[in-house]
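Asks: Everything in the sequence shown is counted per the numbering used here, starting at 104 for the first residue and increasing by one. Think of the CB as a built atom: it goes at the ideal place given N, C-alpha and C, for glycine as much as any other residue. All values reported here derive from a predicted model rather than from experimental measurement.
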Amino acid sequence: MLLRGASAGLALALLLLPQLASAESALCQTGRRQSPIDIVAPVRHKLPALEFRYRPAALKIANDGHTARVRFANASQLLIGREVFTLQQFHFHTPGGDRLAGEEFPMAAHLLHKSKSGQLLALVVLFRQGAENPALAALWPHLPAHADGDHLVANATADASGLLPVSRAYYRYPGSLTAAPCTEGVTWLVMKQPLTLSAPQLAFWRARFADNIRGPQALQGRIVEESW
């Protein structure tokens with residue numbers, strides 16, 4: 104039987120879905136600007152200063168089955184020169200993904216931003232094991248136990264500035280999303296100064312989430328810039 108109109112279009116879309124998914128996933132294997140990376144030989148440049156205009160917001164947190172995401176809709180901004188990026192959300196990865204001269208970190212926070220033109224920017228804060236982290240201590244009790252959508256937590260706030268190191272020095276490189284479809288064209292900023300989290304804090308996270316980061320990707324001729 105021949106299908107007509109919308110039914111035919113739906114049938115064709117269903118037939119193409121495996122091919123489209125395969126094409127998207129292919130970039131994860133063949134892309135030349137993939138994230139994360141091992142930062143080994145950065146080139147020092149006079150990069151623009153980072154100006155954070157983060158503001159506290161009501162805590163909106165979700166367990167998506169892979170990580171915990173804290174979402175923002177309060178115009179928290181990152182200014183880089185004349186460019187303005189609005190904070191969309193932050194989430195966590197274990198281990199850290201990006202490495203510094205081969206050093207692997209037990210955890211990283213990814214703070215995702217977007218400009219008015221749609222440019223995506225990922226700000227990475229790495230964690231070493233050490234002293235307890237106050238920002239994580241405030242957030243961990245609110246981690247949802249199950250993957251069941253966003254939770255708006257009463258009488259609790261989220262402030263991404265608590266995840267920022269004192270030093271504003273950073274590395275910059277052209278990268279990608281770290282999960283399929285691994286879209287490239289994402290600006291990656293990796294803060295040079297790691298934060299710390301305690302062994303119990305790391306254990307608390309790992310009791311709830313499996314490791315969720317891909318390994319370092321080939322640099323493929325990219326230049327990693329290092330701020331003064």
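Can you tell me whether GLN132 is buried or exposed, with buried defined as 16 or more other CB within 10 angstroms of its CB?
Replies: For this step, residue 132 is matched to residue 29 along the sequence shown. It counts as exposed.
Asks: With respect to the alpha helix (DSSP H) encompassing TRP308, which residues constitute its N-terminal and C-terminal limits?
Replies: Numbered from 1 along the sequence shown, position 205 holds the residue referred to as residue 308. Here the alpha helix (DSSP H) through TRP308 covers 302-309.
Asks: Sorted by chain position, which residues of the same chain lie with C-beta nearer than 7 Å to GLN61's C-beta, five sequence neighbours on each side aside?
Replies: Because residue 61 is not part of the residues shown, which for the chain are 104 to 331, the question remains open.
Asks: Can you find the residues in the same chain that come closer than 8 Å, C-beta to C-beta, to PRO198, ignoring five residues on each side of it along the sequence?
Replies: By one-based count along the sequence shown, residue 198 stands at place 95. Cβ neighbours of PRO198 beyond the five flanking positions: GLU207, PHE208, PRO209, MET210, ALA211, ASP314 and ILE316.
Asks: Under a three-way DSSP split, which group does GLN320 fall into?
Replies: In the sequence shown, residue 320 corresponds to position 217, counting from 1. Coil, per DSSP.
Asks: If you follow the beta strand (DSSP E) that PRO277 is in, where does it begin and where does it stop?
Replies: Start at 1 with the first residue of the sequence shown, and residue 277 comes out as number 174. Its beta strand (DSSP E) spans residues 273-279.
Asks: If you scan the segment 221-288 from start to end, which runs of the alpha helix (DSSP H) of 4 or more residues do you find wholly inside it?
Replies: As far as the segment 221-288 is concerned, its whole alpha helix (DSSP H) runs of at least 4 residues are 237-242.
Asks: Could you pull the DSSP bridge partners for LYS217 from this structure?
Replies: Locating residue 217 in the sequence shown gives position 114, where the first residue counts as 1. Answer by DSSP bridge pairing, in chain order: THR189 and LEU223.
Asks: Buried or exposed for SER125, going by 16 or more other Cβ atoms inside 10 Å?
Replies: Sequence index remark: in the sequence shown, residue 125 carries index 22 (1-based). Residue confidence for SER125 is low, a pLDDT of 48 falling below 50, so the modelled location carries little weight and cannot support an answer.
Asks: For ASP201 versus LEU229, is the C-beta distance shorter than 8 Å?
Replies: Taking the sequence shown and counting its residues from 1, one reaches residue 201 at position 98. Taking the sequence shown and counting its residues from 1, one reaches residue 229 at position 126. Contact flag set, yes.
Asks: On the DSSP bridge list, what partners appear for LYS163?
Replies: Residue numbering aside, residue 163 sits at position 60 when the sequence shown is read from its first letter. The partner list for LYS163 (beta bridge, DSSP) reads LEU255.
Asks: Tell me THR290's beta-bridge partners as DSSP assigns them.
Replies: For the purposes of this step, residue 290 is identified with residue 187 of the sequence shown, where counting begins at 1. Answer by DSSP bridge pairing, in chain order: LEU224 and PRO277.
Asks: Quick one: Cα of LEU239 to Cα of ALA204, how far?
Replies: Walking along the sequence shown from the start, residue 239 turns up at place 136. Walking along the sequence shown from the start, residue 204 turns up at place 101. About 26 Å.
Asks: Does the segment 169-179 come close enough to the segment 286-293 that 3 or more CB-CB pairs lie under 8 Å?
Replies: Segments in contact, no.
Asks: When you compare the segment 213-230 with the segment 291-308, are there three or more beta-carbon pairs, one atom per stretch, that lie closer than 8 Å?
Replies: With a cut-off of 8 Å, the segment 291-308 and the segment 213-230 count as touching, because enough Cβ pairs lie within range.
Asks: How is ALA152 classed by DSSP in three states: helix, strand or coil?
Replies: On the sequence shown, residue 152 is found 49 positions in, with the first residue counted as 1. In this structure, ALA152 counts as coil in the three-state DSSP scheme.
Asks: Using the beta-carbon count (16 or more within 10 Å), is THR299 buried or exposed?
Replies: Locating residue 299 in the sequence shown gives position 196, counting from the first residue. Per the 10 Å Cβ criterion, exposed.
Asks: May I ask you to verify whether the segment 273-286 touches the segment 157-164, counting CB pairs closer than 8 Å and requiring at least 3?
Replies: The segment 273-286 is not in contact with the segment 157-164.
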